[in-house]
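Q: Take a look at the following structure, please.
Next comes the structure, spelled out in structure tokens:
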């Protein structure tokens, strides 16, 4: 199944064994957002930096 990342727009091919494949397949008519691993890491890192306090 090919999906596009909601953040960067990159087309990604999901394998049947991936967790997101089942979630997106179960709700084909809904607009389930997909975020690629690269963007997930970037968003996670930015969020951690935003809440980290200087020592």
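Residue numbers (the working numbering): 41 to 95. Quick reminder that beta carbons are idealized off the backbone N, C-alpha and C, glycines included.
Under a Cβ-count criterion, where at least 16 other Cβ atoms within 10 Å of its own Cβ denotes burial, should residue 48 be classed as buried or exposed?
A: The residue in question, residue 48, is exposed, as its Cβ has fewer than 16 Cβ neighbours within 10 Å.
Q: Candidates 61, 79, 88 and 78: which alpha carbon is nearest residue 72's?
A: Measuring from the Cα of residue 72, the nearest candidate turns out to be 61.
Q: Short of 8 Å in beta carbon distance, which residues of its chain neighbour residue 63, apart from the five on each side in sequence? Order them along the chain.
A: Within the same chain, residue 63 has close Cβ partners 72.
Q: In this structure, what does DSSP give as the bridge partners for residue 44?
A: According to DSSP, which records beta bridges pairwise, residue 44 is partnered with 51.
Q: On a CA-only basis, which of 90, 56, 83 and 79 is nearest residue 44? Give me that one, please.
A: Minimum Cα distance to residue 44 is reached at 79.
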